[in-house]
Structures are given as structure tokens and as C-alpha cells.
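Before any comments, here is the structure.
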Amino acid sequence: MHFLALPWVIGPIPIVVSVWAAYACGIAVATKTPTSGEAFLGALLLPSGLTATACQLILSNQNFTILLIGSQIISSLCWFIIMHASGFRLAPVENPENSSEKYPGPLKTFVVLVSAYIIFNVILWMFPGSDRCTIGKCFAYEWALGRKDDVFSRLYLEISFGSLLLIGIFAFLFRALLLRRPGAC
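Each residue of the sequence shown is one higher than the one before, starting from 5 at the first, in our numbering.
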């Protein structure tokens with residue numbers, strides 16, 4: 005039974021995490037509980053697993069950097085769709101002048117998020133990973149996430165972290181657009 009021999013292309017941990025994330029997203033949407041930690045984590049990990057799987061199955065011979073950034077954007081947008089379907093809504097702010105929210109604080113956070121996202125992706129682009137590792141590390145890595153010579157295991161964790169940064173960036177941009185729109189809130 006060759007198909008049961010490890011390492012698999014997609015490891016058992018991403019499979020189990022994606023199944024759990026689908027369950028958590030389903031429960032969050034059905035019960036309209038977007039503020040639970042399970043809803044947030046499920047909405048982050050489900051699109052990450054699905055986009056990494058789609059890249060492995062369909063686009064595995066494409067440019068890795070384009071796959072990574074495109075998958076991060078798609079996963080971030082899917083997070084917003086899942087959270088919106090579960091009932092998550094942005095709390096309205098009356099007026100930017102009357103609000104306790106001052107621009108230097110959120111602006112600094114936005115700049116830090118954008119800088120961290122750019123630095124994260126540049127580091128992944130410059131240092132794609134080592135082909136040298138000890139037999140124990142390689143075995144544990146490949147057993148957990150999948151074969152390291154395939155796209156999935158390289159994309160899975162990188163999509164999750166990059167999507168988390170992009171969710172923060174998109175939230176700031178959405179909030180800024182909402183505050184600038186006349187008659188908003």
C-alpha cells in the first residue's frame with residue numbers, strides 16, 4: 005500500500021486542521037457567533053488550507069512568489085467573507101473629530117503592519133528555504149506538513165501568517181474608507 009507510506013504530499017496535520025476549521029466556520033455561521041476564538045481561527049485556517057491545496061493541485065509549477073502573495077490575498081478576503089457570514093460587523097464610529105480614535109496611533113499600527121508584511125514576503129523571497137537539514141528535522145517536518153519538495157508544505161504556514169497580516173491591513177483600509185465616506189455611520 006504505497007499511498008499510505010509517509011511522507012504524503014499534504015501532511016496529516018493540515019488535513020485535520022482544515023477539517024476542524026471547516027467545522028468551526030460552519031458552527032460560527034450557523035449560530036452567528038463571530039466573536040469566538042474558534043470562528044476567528046477557523047476563518048483564518050480554512051482558506052489557508054484550501055488555497056494551499058488548490059496551488060498544489062492546479063498551479064504547482066508556477067512562480068512561488070506570485071502563488072504566495074495571491075494566496076495570501078485570497079485567504080484574507082475569504083476571512084472577511086466567512087466572518088461577515090457569521091455575523092461580524094464593524095462597530096460604527098460617529099465622527100472622526102469626536103471619536104477617541106486619534107490618527108497617530110492607528111496610523112503607526114498600519115505602517116507597522118504594512119512594513120511587517122513586506123519584510124515577511126521579502127525574506128521568504130530572498131531565502132526560500134534550505135535544502136539541507138538533518139534527517140530527524142526533515143522527517144518530522146515532512147510527516148507533519150507534507151513533502152518539502154512540493155508547493156503545499158512551503159505555502160501552508162506562509163499563507164496563514166501573511167493572511168493574518170493582510171487581515172489587519174485590510175481592516176485599517178476598510179475603516180479609513182468607511183470614515184471618509186460622507187454620511188457613513
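Yeah, the Cβ is synthetic: ideal placement off N, Cα and C, and Gly gets one too. Computed from a prediction, not measured in an experiment: that's the story for all the values here.
query	result
Helix, strand or coil at Cys189 according to DSSP, with G and I counted as helix	Caution applies to Cys189, whose pLDDT of 49 falls short of 50 and renders its modelled position unreliable; the model cannot decide the point.
Simplified DSSP state of Trp46, which is helix, strand or coil	Reading the sequence as shown, one finds Gly at residue 46 and not Trp. Here Gly46 sits in helix by DSSP.
Run of the alpha helix (DSSP H) containing Gln66, from where it starts to where it stops	Premise fails: Gln66 is in no alpha helix (DSSP H) and is neither H nor E.
Validate contact between the stretch 154-161 and the stretch 27-45 using beta carbons, cut 8 Å, 3 pairs	no
Boundaries (first-last residue) of the alpha helix (DSSP H) holding Ile31	16-35
Where Thr39 sits in the DSSP three-state scheme	coil
Sub-8 Å separation of Thr55 and Ile163 beta-carbons	yes
Length of the line joining the Cα atoms of Thr69 and Gly15	22 Å
Sufficient close CB pairs (3 or more, under 8 Å) joining the stretch 110-117 to the stretch 82-92	no
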